[in-house]
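Since the structure comes first, as structure tokens, the remarks are kept for the end.
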Amino acid sequence: MPAVSHANLQELERYARLEKKGELIDSRTLAGQMGVTRQAISKAVMEQRMFSLDSVAGKKRYPAFYADPALNRRQLGKVSKELGHLAGSSKWQFFTHPRMSLNGGSPIEALRKGRYADVVAAATAFREA
107 MPAVSHANLQ ELERYARLEK KGELIDSRTL AGQMGVTRQA ISKAVMEQRM
157 FSLDSVAGKK RYPAFYADPA LNRRQLGKVS KELGHLAGSS KWQFFTHPRM
207 SLNGGSPIEA LRKGRYADVV AAATAFREA
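One gets my numbering by counting positions in the sequence shown from 1 and adding 106 to each.
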């Protein structure tokens, strides 16, 4: 088994806490909440409309916000795609952390407020940084 760096261990522990809080969920749970198949989730990940993170057990976990009825799924998918090939951890950081360009709110909060164009612009800037 490869050695795990201190930074990677901290990240895995953070994901475990997010999983306990229900912010990161497995594909079966996400599929049930979204009313889609697990294959549809896999396809969305391949097309970069969704992303996953690796949990402590090496299993894929998905942001629960993909099933949030207050968010427009099509817009969420387009923002995810705008982030391109960035790692899931970077995409998670983008979506959930405050952005100055969004008046100090997170992209998820901005999407809930209908600020889609602002979030796309923030995603483009984040990807290019």
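Don't be surprised by glycine CBs; every beta carbon is placed ideally from N, CA and C.
This structure is a prediction, so every number in the text was calculated from the model and none was measured.
GLU153 versus GLU215 - alpha carbon distance: Taking the first residue of the sequence shown as 1, we reach residue 153 at position 47. Taking the first residue of the sequence shown as 1, we reach residue 215 at position 109. Computed Cα separation, rounded: 24 Å.
PRO213 - containing alpha helix (DSSP H), residue span: Position 107 of the sequence shown, counting from 1, holds the residue named residue 213. 213 to 218 is the extent of the alpha helix (DSSP H) around PRO213.
Residue closest to VAL151, alpha-carbon to alpha-carbon, out of ALA173, GLY183, ALA113: Translated into the one-based positions of the sequence shown, residue 151 becomes position 45. The shortest C-alpha separation from VAL151 is found at GLY183.
Stretch-stretch touch, CB-based, cutoff 8 Å, three pairs: the stretch 191 to 200 with the stretch 157 to 171: yes
Simplified DSSP state of LYS127, which is helix, strand or coil: Along the sequence shown, read from residue 1 onward, the residue named residue 127 stands at position 21. Looking at LYS127 - three-state DSSP - the assignment turns out to be coil, as it is neither helix nor strand.
Beta-bridge pairing of LEU159 - partner residues as DSSP gives them: Taking the first residue of the sequence shown as position 1, residue 159 is located at position 53. Per DSSP, ARG167.
Exposure of LEU136, with buried meaning 16 or more beta-carbon neighbours within 10 Å: Taking the sequence shown and counting its residues from 1, the one referred to as residue 136 is at position 30. Classification for LEU136: buried.
6 Å CB neighbourhood of GLY190 in its chain, flanking five on each side removed: Within the sequence shown, numbered from 1, the residue matching residue 190 stands at position 84. Correct list, in chain order: ARG233.
Distance, GLN199 Cα to ALA227 Cα: Numbered from 1 along the sequence shown, position 121 holds the residue referred to as residue 227. Numbered from 1 along the sequence shown, position 93 holds the residue referred to as residue 199. Approximately 16 Å between the Cα atoms of the pair.
Same chain, Cβ closer than 8 Å to LEU177, neighbours up to 5 away in sequence not counted: What you label residue 177 is simply residue 71 of the sequence shown in a count that begins at 1. Result list for LEU177: PHE171, ILE214, LEU217, ARG218, in chain order.
Cross-strand partners of ARG144 (DSSP beta bridge): Here residue 144 refers to the residue found at position 38 of the sequence shown. DSSP output for ARG144 lists no bridge partner at all.
Bounding residues of the alpha helix (DSSP H) (the contiguous stretch that carries PHE222): As a first step, residue 222 is located in the sequence shown; it is residue number 116 there, counting from the start. Just to set this straight, residue 222 is Tyr in the shown sequence, not Phe. Residues 222 to 234.
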